[in-house]
Amino acid sequence: MLCRHEEKDIRKCVDIGKDVTACGLEFFRKVKKECLDEFTQFANCIDQSSVDFQFEKCRNTQAAFDKCMLEKLDMHKPQHGYYCRAKVLKTDRPKPPGYISPEFPDAPKLIPIPPAEELPEAKHGSRIFVWP
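One point on numbering: in UniProt numbering, the residue at position 73 of the sequence shown is 73, and numbering is uninterrupted.
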(Lines of atoms letter the chains of each structure in order from A and count residues from 1; the text may use other names and numbers.)
(Lines give C-alpha, C1' and ligand atoms only; values in the text may rest on other atoms or scores of the structure.)
Protein backbone atom coordinates (compact mmCIF):
# COMPACT_ATOMS: atom_id res chain seq x y z
CA MET A 1 0.00 0.00 0.00
CA LEU A 2 2.85 2.37 0.74
CA CYS A 3 4.29 1.79 -2.72
CA ARG A 4 0.95 2.53 -4.35
CA HIS A 5 0.54 5.81 -2.45
CA GLU A 6 4.13 6.91 -2.98
CA GLU A 7 4.42 6.07 -6.65
CA LYS A 8 0.88 7.04 -7.69
CA ASP A 9 1.13 4.31 -10.33
CA ILE A 10 0.08 0.77 -9.46
CA ARG A 11 2.04 -0.73 -12.35
CA LYS A 12 5.30 -0.01 -10.51
CA CYS A 13 4.08 -1.99 -7.49
CA VAL A 14 2.82 -5.18 -9.16
CA ASP A 15 6.01 -7.14 -8.45
CA ILE A 16 5.95 -6.13 -4.78
CA GLY A 17 2.29 -7.18 -4.59
CA LYS A 18 3.17 -10.57 -6.09
CA ASP A 19 5.89 -11.05 -3.46
CA VAL A 20 3.48 -10.17 -0.64
CA THR A 21 0.84 -12.56 -2.02
CA ALA A 22 3.42 -15.35 -2.36
CA CYS A 23 4.52 -14.77 1.24
CA GLY A 24 0.92 -14.99 2.49
CA LEU A 25 0.30 -18.18 0.51
CA GLU A 26 3.50 -19.74 1.86
CA PHE A 27 2.42 -18.88 5.42
CA PHE A 28 -0.99 -20.51 5.02
CA ARG A 29 0.59 -23.56 3.36
CA LYS A 30 2.83 -23.99 6.40
CA VAL A 31 -0.13 -23.59 8.76
CA LYS A 32 -2.13 -26.12 6.73
CA LYS A 33 0.75 -28.60 6.78
CA GLU A 34 1.64 -28.31 10.47
CA CYS A 35 -1.38 -27.00 12.43
CA LEU A 36 -4.46 -27.70 10.32
CA ASP A 37 -6.56 -29.32 13.08
CA GLU A 38 -5.87 -26.58 15.63
CA PHE A 39 -6.50 -23.85 13.05
CA THR A 40 -9.78 -25.44 11.93
CA GLN A 41 -11.01 -25.85 15.51
CA PHE A 42 -10.12 -22.25 16.34
CA ALA A 43 -11.79 -20.88 13.18
CA ASN A 44 -14.94 -22.97 13.76
CA CYS A 45 -15.10 -21.84 17.38
CA ILE A 46 -14.92 -18.17 16.38
CA ASP A 47 -17.47 -18.72 13.63
CA GLN A 48 -20.02 -20.63 15.71
CA SER A 49 -19.65 -19.41 19.31
CA SER A 50 -21.11 -15.92 18.85
CA VAL A 51 -22.87 -13.80 16.27
CA ASP A 52 -20.16 -11.11 16.27
CA PHE A 53 -17.07 -13.37 16.19
CA GLN A 54 -15.89 -12.68 19.74
CA PHE A 55 -12.79 -14.48 21.03
CA GLU A 56 -13.82 -14.84 24.68
CA LYS A 57 -15.38 -18.28 24.31
CA CYS A 58 -12.51 -19.61 22.19
CA ARG A 59 -9.50 -19.01 24.42
CA ASN A 60 -8.82 -22.74 24.88
CA THR A 61 -8.73 -23.44 21.15
CA GLN A 62 -6.70 -20.27 20.63
CA ALA A 63 -4.15 -21.47 23.19
CA ALA A 64 -3.89 -24.82 21.40
CA PHE A 65 -3.36 -23.08 18.05
CA ASP A 66 -0.77 -20.68 19.52
CA LYS A 67 1.08 -23.59 21.11
CA CYS A 68 1.15 -25.47 17.79
CA MET A 69 2.44 -22.40 15.95
CA LEU A 70 5.17 -21.92 18.54
CA GLU A 71 6.29 -25.55 18.68
CA LYS A 72 6.09 -26.51 15.02
CA LEU A 73 6.69 -23.24 13.16
CA ASP A 74 8.56 -21.25 15.85
CA MET A 75 6.16 -18.33 15.42
CA HIS A 76 5.29 -16.26 18.47
CA LYS A 77 1.98 -14.48 18.80
CA PRO A 78 2.67 -10.72 18.77
CA GLN A 79 1.93 -8.82 21.95
CA HIS A 80 -1.31 -6.91 22.35
CA GLY A 81 -1.38 -3.71 20.32
CA TYR A 82 1.54 -4.67 18.05
CA TYR A 83 -0.33 -3.93 14.83
CA CYS A 84 -1.58 -0.56 16.13
CA ARG A 85 1.90 0.85 16.68
CA ALA A 86 3.61 3.07 14.14
CA LYS A 87 6.47 1.33 12.37
CA VAL A 88 9.43 2.63 10.41
CA LEU A 89 9.99 0.37 7.45
CA LYS A 90 13.44 -0.27 6.02
CA THR A 91 13.42 -0.74 2.27
CA ASP A 92 15.78 -0.86 -0.68
CA ARG A 93 13.38 1.12 -2.84
CA PRO A 94 14.49 4.68 -3.60
CA LYS A 95 12.40 7.49 -2.21
CA PRO A 96 9.88 8.86 -4.69
CA PRO A 97 10.86 12.04 -6.53
CA GLY A 98 9.92 15.17 -4.64
CA TYR A 99 9.77 13.40 -1.25
CA ILE A 100 10.49 15.69 1.69
CA SER A 101 11.22 14.04 5.01
CA PRO A 102 9.00 15.51 7.74
CA GLU A 103 10.72 17.19 10.66
CA PHE A 104 9.15 17.50 14.09
CA PRO A 105 11.38 19.78 16.19
CA ASP A 106 8.92 19.93 19.11
CA ALA A 107 8.45 16.17 19.34
CA PRO A 108 8.88 14.89 22.90
CA LYS A 109 11.83 12.66 23.67
CA LEU A 110 11.01 9.04 24.39
CA ILE A 111 11.30 8.02 28.03
CA PRO A 112 12.80 4.55 28.36
CA ILE A 113 10.57 2.23 30.39
CA PRO A 114 12.42 -0.57 32.19
CA PRO A 115 11.17 -4.16 31.94
CA ALA A 116 8.50 -5.25 34.42
CA GLU A 117 11.04 -7.29 36.41
CA GLU A 118 13.06 -4.16 37.22
CA LEU A 119 10.10 -2.05 38.38
CA PRO A 120 9.59 -1.68 42.15
CA GLU A 121 6.59 -3.24 43.86
CA ALA A 122 3.46 -1.11 44.08
CA LYS A 123 3.31 0.87 47.33
CA HIS A 124 -0.37 0.29 47.98
CA GLY A 125 -0.88 -3.15 46.46
CA SER A 126 -2.55 -4.12 43.23
CA ARG A 127 -4.97 -1.82 41.45
CA ILE A 128 -7.03 -4.70 40.15
CA PHE A 129 -10.41 -4.89 41.84
CA VAL A 130 -12.73 -7.86 41.60
CA TRP A 131 -16.36 -7.09 42.25
CA PRO A 132 -18.62 -9.95 43.36
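We treat Cβ as the ideally placed atom computed from N, Cα and C, and that holds for glycine.
Which same chain residues end up closer than 6 Å to residue i when comparing Cβ atoms and leaving out the 5 residues on each side of it in sequence?
{"i": "C68", "result": "C35, E38"}
{"i": "C45", "result": "C58, T61"}
Leaving out five residues on either side along the sequence, give the residues of the same chain with a beta carbon under 7 Å from the beta carbon of residue i.
{"i": "N60", "result": "none"}
{"i": "H76", "result": "L70"}
{"i": "S50", "result": "K57"}
Might you give, ordered along the chain, the residues of its own chain that have their beta carbon closer than 8 Å to the beta carbon of residue i, omitting 5 neighbours on each side?
{"i": "K109", "result": "none"}
{"i": "F65", "result": "C35, E38, F39, Q41, F42"}
{"i": "L73", "result": "K30, V31, E34, C35"}
{"i": "E7", "result": "C13, P96"}
To the nearest angstrom, how far is the alpha carbon of residue i from that of residue j?
{"i": "A116", "j": "D15", "result": "43 Å"}
{"i": "H80", "j": "E56", "result": "15 Å"}
{"i": "A107", "j": "S101", "result": "15 Å"}
{"i": "V88", "j": "L25", "result": "25 Å"}
{"i": "Y82", "j": "H124", "result": "30 Å"}
{"i": "I10", "j": "P120", "result": "53 Å"}
Grab the span of the alpha helix (DSSP H) containing residue i for me, first residue to last.
{"i": "G98", "result": "Here G98 belongs to no alpha helix (DSSP H), and DSSP marks it neither H nor E."}
{"i": "R29", "result": "14 to 49"}
{"i": "A63", "result": "59 to 73"}
{"i": "C3", "result": "2 to 7"}
Could you say which of the options lies nearest to residue i if we only look at CA atoms?
{"i": "K12", "options": "G98, E118, L119, P94", "result": "P94"}
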